[in-house]
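Report on the following structure.
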Amino acid sequence: MPRPVLRGSMRQVAAALLLCALGTGSLTEGTTIPSDKCNGSSDYCILPFDHFTLPGTHNSAAYDLVPDCAVTKQCQGGMELCASTSSKCSGSWRSACVQTANKCLDRLDGKSNMWAKFGKSVCKSWAAVCAGPSVTCDIWEDVCKVPVHVCSTGLPLICKNTPHWFKSCIWENQPDHDIAQQLADGIRSFDIDLCEVEGGEILTCHGQGPTRALGAPLDVHLQQVRDFMIANPREVISLEYGDYDGSEYVIGVALQKKLEEYLPGKILEHGDKVDDPWPTLGEMIQTGKQAVVFVGAYGPSIPDKPRWMIDRRPFYSSTWSYTNDRHTAKDMASGMLKHVEDDERKTPWECLDFEYSPNAKSVLDSVLHLKKPEVCLGDMAQRIRDDIAYVADSYSNKFHRIHRMRVDYYFSVKDVLFTAVAALNTLNVARFQVEKYATIGPNNH
C-alpha cells in the first residue's frame, strides 16, 4: 500500500481549515500580521510559541568529542576494588563457615545415639546453609569481572587512540557541524547534554560515567547563539539542557550564570505553569525575546530558579520513553506510529524525535573488539529518512501541539526535515486561525 505524502495529506487538511475560516470572512479579521517575517514566514508571527513546530537536532553539541579518560581510570580502579572486596568476602566467609561446622561435628564425635545422629545432620545442614553466602560472594566477583574487563581492555585503549569511526558511529550525533553551522542551516531547537569535570568546569558532552565523551566549554556554543541572534533578530530558538553527568547543583548554577552572561534580556520568562499563555512569535521578536530555555531533572536543584529557566517535564517529553528499546529504523517508525497519548505521560505537547537507540550488547562487543557496529548514527539517519514524512503525517492527525521534530545527522536528512516542519507549521497556522475564530465567534469580531 503506498504511503501518503506528508505535503499532500497535511496541506489538504490545512486548506480545508483555511477555506472554513475564509468562508466566514474572518481569517485575518481582528489580527494584525506583521509585514516582517518570523522564523522565515510572516504567517508564523501570529502563532503562539506553543503552536509552533521547531526543526531540531538530537545531541546538538555532540561533535568533535573526546573520551573522558580520567573517568575511565576511575572506573577501572573502582571495579578492581569491587573484585578484591568480593574475593575477601568469599574467602573469609568460607573459612569461618568450615570452622564452625567442624566444631559442631567435633562435639558429637564418638557418640552414636539417636540425638547424636540428629545433631550431626543439623551440623551438616548448617554447613550447607553457611556456604550459601559464599556462593553469593562468588557471584559478586563474577559480576565485578565484567565491567573490569570493559575498563581494562576496552575503554583505556580507546582513550589512547580513539578510531574516527567510533566517535562518529556512537558518540557524535552531529559530526563536524557545530551550533553555528546548525543555526546557519535552519536548525532552531537544540538538545545539549552537560557534564561536570574535575575542578567544577561544565562542558558539553554525550554519555555518562566511563562511557562519556567531552566537548567544549559552555562559552563556545553560547557565543555562537549570541552572534546568531544579533545577526538575525527575527528568529526564535529553543535551547534544551536535559541529560547531564555530575552534580545537579553545580551544573545548574553554572548554566544559569553563563546564560545570564551571554543572553541577557534575550530569554523569555514564562515559568513552569502549563496553563500560563505563551506569547506569539511576533510578540517575542518585538520584545527582543529570541530564546526559550528548557532544563531537565536538575532544574529544582537550582536555588531561586529564574522564570526563564523552564522545567520541560510538565510541557513535553521525548519519544525516547517508547523508542529506546527499538534499534532499527523499521522498529523505531513502528513504535512511533503506534504511539498514542496516555494519562501516565500526558503533556500538552508532543515531540517528533527520530533518535538512534543503539543496541547495548552490540556496542559493548564493539568496544571490546574495536570493531565497527552493524548500525551507526549515520546509517540510522539514512534508513529512517523514508519514514519521517509518514510518521509526521500520522502525528499531525493525532496531536495538535507538536513542539519539535529533531534528528541525528541532520545534514544528511535536512531536506526531509525542513519540508516536514514547514508542512506542520502550515497546518499549525490553519488550526490556530480556526481555534481563534471558534473562540471569537462570527458575530463578535
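According to mature numbering (1 follows the signal peptide of the UniProt record, and there is no 0), the sequence shown holds residues -30 to -1, 1 to 415 in order.
We put the CB at the ideal spot given by N, CA and C, even for glycine.
As the structure is a computational prediction, the values presented were derived from the model and not from experiment.
Item: Pairwise C-alpha distance: residue 371 and residue 345; Value: 32 Å
Item: Beta-carbon separation (whole angstroms), residue 160 vs residue 317, contact threshold 8 Å; Value: So it is not a contact: roughly 20 Å between Cβ atoms.
Item: 6 Å Cβ shell around residue 14 - same chain, five flanking residues per side excluded; Value: 8, 251
Item: Host alpha helix (DSSP H) of residue 252 (start-end); Value: 251 to 256
Item: Inter-stretch contact (C-beta, 8 Å, three-pair minimum) for the segment 175 to 194 and the segment 237 to 244; Value: no
Item: Touch test, the segment 322 to 333 against the segment 281 to 293, Cβ-Cβ under 8 Å, three pairs minimum; Value: yes
Item: Exposure label - residue 277; buried when at least 16 CB within 10 Å; Value: exposed
Item: Residue(s) in a DSSP beta bridge with residue 209; Value: 160, 263
Item: Residues that DSSP places opposite residue 390 in a beta bridge; Value: None; residue 390 has no bridge partner.
Item: Top-ranked residue by Cα proximity to residue 393, from 210, 185, 22, 16; Value: 22
Item: At least 3 beta-carbon pairs within less than 8 Å: the segment 296 to 304 vs the segment 350 to 365; Value: yes
Item: Contact set for residue 207: own chain, Cβ-Cβ below 6 Å, skip 5 residues either direction; Value: 158, 261
Item: Buried versus exposed, by CB contacts within 10 Å (16 or more), residue 307; Value: exposed
Item: As assigned by DSSP and simplified to three states, the class of residue 139; Value: helix
Item: Contact belief for residue 204 with residue 378 at Cβ below 8 Å, rounded distance in angstroms; Value: So it is not a contact: roughly 28 Å between Cβ atoms.
Item: Validate contact between the segment 220 to 230 and the segment 193 to 203 using beta carbons, cut 8 Å, 3 pairs; Value: no
Item: CA-to-CA distance, residue 270 to residue 217, given in whole angstroms; Value: 12 Å
Item: Local conformation of residue 232 per DSSP, three classes; Value: helix
Item: Residue 244 in three-state terms, based on DSSP; Value: coil
Item: Straight-line Cα distance separating residue 402 from residue 145; Value: 37 Å
Item: Whether residue 175 touches residue 148 by CB criterion (9 Å); Value: no
Item: For residue 169, the first and last residue of its enclosing beta strand (DSSP E); Value: No beta strand (DSSP E) holds residue 169; DSSP gives it neither H nor E.
Item: Sequence-distant residues of its chain with Cβ nearer than 6 Å to residue 38 (five each side left out); Value: 182, 184
Item: Reduced DSSP category for residue 372 - H, G, I as helix; E, B as strand; rest coil; Value: strand
Item: Host beta strand (DSSP E) of residue 186 (start-end); Value: 183 to 187
Item: Residue 36 (DSSP reduced to helix, strand or coil); Value: strand
Item: Residue 281: first and last residue of the uninterrupted beta strand (DSSP E) it sits in; Value: 279 to 281
Item: Outcome for residue 119 when other beta-carbon atoms lying within 10 angstroms are tallied against a minimum of 16; Value: Model confidence at residue 119 stands at a pLDDT of 45, short of 50, so the residue's coordinates are unreliable; what they give is reported in the following sentence. With fewer than 16 Cβ atoms within 10 Å of its Cβ, residue 119 is classed as exposed.
Item: Of the listed residues 266, 350, 140, nearest to residue 298 (C-alpha basis); Value: 350
Item: Assigned exposure category for residue 219 - 16 Cβ within 10 Å defines buried; Value: exposed
Item: Beta-carbon spacing of residue 264, residue 245 below 9 Å; Value: no
Item: Rounded distance between the beta-carbons of residue 373 and residue 24, thought under 8 Å; Value: 7 Å
Item: Buried/exposed call for residue -3, threshold 16 Cβ in 10 Å; Value: Its pLDDT being 41, under 50, residue -3 is placed unreliably by the model, and nothing is read from it.
Item: Check whether residue 212 and residue 267 have beta carbons under 9 Å apart; Value: yes
Item: Within 9 Å, strictly: CB atoms of residue 162 and residue 347; Value: no
Item: Neighbourhood of residue 170 by C-beta distance below 6 Å, restricted to the same chain and skipping five residues each side; Value: 220
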